[in-house]
Structures are given as structure tokens and as C-alpha cells.
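Asker:
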Amino acid sequence: MLVVIKENYDDMSKAGAQQVASLVREKPDCVLGFATGSTPLGMYRELIRMHTEEGLDFSKVVTFNLDEYVGLRPSHKQSYHYFMYENLFKFINVDQRYVHIPMGMAEDIDAHCAWYEQKINEFGGIDLQILGIGANGHIAFNEPGSSLGSRTRIKTLSAKTVRDNARFFKKPDEVPRYALTMGVGTIMEAKRLLLLASGAVKADAIKATVEGPITAKYPATIVQLHRYATIIIDKEASSKLEETYL
Ligand code: PGA
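Take the sequence shown: its letters are residues 6 to 251, numbered as in this note's numbering.
Right, here's the structure in full:
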């Protein structure tokens with residue numbers, strides 16, 4: 006596991022974008038795993054800049070997102086479909102035919118999850134999976150207690166997540182209770198992992214992920230078993246680490 010500590014959020018975002026960009030240049034038809042949330046936004050802005058100013062070409066790139074809320078249409082402003090289009094896809098030349106995001110409106114959820122896994126395999130697996138981390142150590146919607154061998158499936162959101170999300174919705178009954186998410190096992194099959202974290206609020210989760218024992222209590226700790234995992238964090242997120250890193 007390579008731990009890279011950057012001065013601040015901007016530097017973390019640029020370092021992350023460099024990793025993605027060098028893969029895209031080296032392998033133009035690579036398979037990228039994207040994440041939502043506030044953490045990767047700066048990295049996505051930098052990728053957009055690289056596309057606009059430097060001609061970074063995404064036309065052959067295949068994408069798979071980690072997760073999506075159940076019951077939200079892709080056009081819903083809180084859906085992860087909407088997030089990805091508004092924050093990245095509409096500003097770069099990614100081919101919509103190669104974009105994959107779990108479908109929260111799928112009628113047969115189990116069949117859809119199996120299809121999603123199959124699609125990842127058909128494209129030869131994910132070359133680089135981008136990850137955020139929850140303050141509780143979750144990756145994607147694999148909350149504490151998730152099986153470390155899990156596959157893409159439906160998960161019940163924790164009461165805390167539902168409460169936290171309520172502010173984004175007009176009525177309490179609109180707040181999603183379930184999500185579709187790649188499993189921990191699915192994520193671990195990516196050829197490389199790139200986990201980003203910023204801010205003191207992530208310091209405990211990063212300490213557990215980098216230096217703690219592997220445990221389903223902090224699903225992110227499983228990345229210790231990955232052969233090619235890079236963790237890029239800012240100073241604040243690194244503040245509880247005991248060892249010295251780059
Ligand atoms: P955040 O979320 O980037 O908004 O902090 C990360 C996550 O929960 O995975």
C-alpha cells in the first residue's frame with residue numbers, strides 16, 4: 006500500500022488526477038471505476054481541465070460507478086447518475102455507451118446486480134477504481150459489518166445515512182432507504198485502487214485503514230490486502246497516522 010500525503014485538498018486532487026490521466030494516456034481504452042461524494046470533486050475538476058486544455062481523451066474509456074440509490078431516476082438531482090453527468094461526464098468526451106452506473110430503478114434488482122458484475126468482467130475488469138471513504142470506514146455503500154467478500158447487491162442504508170441525506174429531499178418519505186453498491190469483493194478485484202481522503206473528519210478512518218487490523222468493522226481496511234493500492238490524503242486526514250509516510 007502506497008500512502009501519499011499532500012499538503013491540502015487541491016494537491017491531493019491534482020495527484021489523484023495525475024494517476025488517472027497517466028493510465029488514460031497509457032491505455033486509452035482503460036476501464037475506470039468512478040466514485041461520487043465531495044472528495045473526488047477536485048480531482049474531477051482537474052480531469053476536466055486536462056481534457057479541455059491538454060486534450061486528455063476519454064473517448065475510448067469505459068466507466069463503472071460504485072453505487073446508486075434505489076428508487077431515484079437518473080434525472081433526479083440527488084441520484085449518482087445526475088452527479089456524474091453534472092460533475093464530470095458532460096464536460097469530457099466520454100462515450101455514453103461506455104458509461105455504467107447501477108440503475109436504482111431496476112425492476113429486478115438481483116438480476117441487475119448480476120448483470121453489472123458480468124459487464125465488468127466482459128470489459129476485462131476495472132483497471133483503476135477510485136474510492137472515497139466514509140468517516141465510519143465504509144467504501145461505496147459497504148457500511149461497517151458488510152461482508153469483506155461481498156458482490157454488487159442491494160444494501161439498506163444506515164439510519165445515520167438516511168438522517169444525513171434528509172436535508173437533500175423535500176419530504177422525509179422521499180429519502181432513499183436502499184442503495185445498489187459494488188461489493189467489497191468486487192472492489193478488491195480492480196487491478197489498482199486509488200483511495201482519496203481529505204479533512205480531519207477522515208483521520209480516524211484513515212488511521213484504521215492504513216495501520217489498523219483488517220476488520221469488517223471498517224470495510225476500507227481490506228485495501229491492505231490489495232497488491233496495488235494507493236492512498237492519497239491531505240495533511241489533516243493523515244493527522245492520526247503513527248508511522249512516517251511520503
Ligand atoms: P465524501 O464521502 O467524499 O462526501 O466525504 C465519501 C464516502 O462516503 O465514501
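Even glycine gets a Cβ: it sits at the ideal position worked out from N, Cα and C.
Whose C-alpha, out of A205, I144, K240, P177, is nearest the C-alpha of I227?
Answerer: I144
Asker: What are the start and end residues of the beta strand (DSSP E) that includes R158?
Answerer: 158-161
Asker: Spell out a yes or no on whether the region 198-213 and the region 233-242 are touching, meaning 3 or more CB-CB pairs, one atom from each, closer than 8 Å.
Answerer: Yes: at least three Cβ pairs fall under 8 Å.
Asker: Which residue's Cα is closest to the Cα of R147: T44, T161, Q134?
Answerer: According to the sequence displayed, residue 147 carries Asn and not Arg. N147 has its Cα closest to that of T161, out of T44, T161, Q134.
Asker: Is H143 near the ligand PGA, judged by its Cβ being under 7 Å from some heavy atom?
Answerer: yes
Asker: Does the region 164-180 come into contact with the region 93-111, if we say contact requires no fewer than three beta-carbon pairs (one atom in each stretch) closer than 8 Å?
Answerer: Below 8 Å, too few C-beta pairs join the region 164-180 and the region 93-111 to call them touching: fewer than three.
Asker: Does DSSP put F128 in a helix, a strand or coil?
Answerer: coil
Asker: Give a yes or no on whether the C-beta atoms belonging to I135 and F63 are separated by under 8 Å.
Answerer: For the pair I135 and F63, the CB atoms are not nearer than the 8 Å cut-off.
Asker: For S43, verify whether its CB is less than 7 Å away from any heavy atom of the ligand PGA.
Answerer: Within the cutoff, so yes.
Asker: Is G38 helix, strand or coil when you go by DSSP?
Answerer: strand
Asker: Helix, strand or coil, according to DSSP, for L230 in the structure here?
Answerer: Under the three-state reduction of DSSP output, L230 falls in the helix class.
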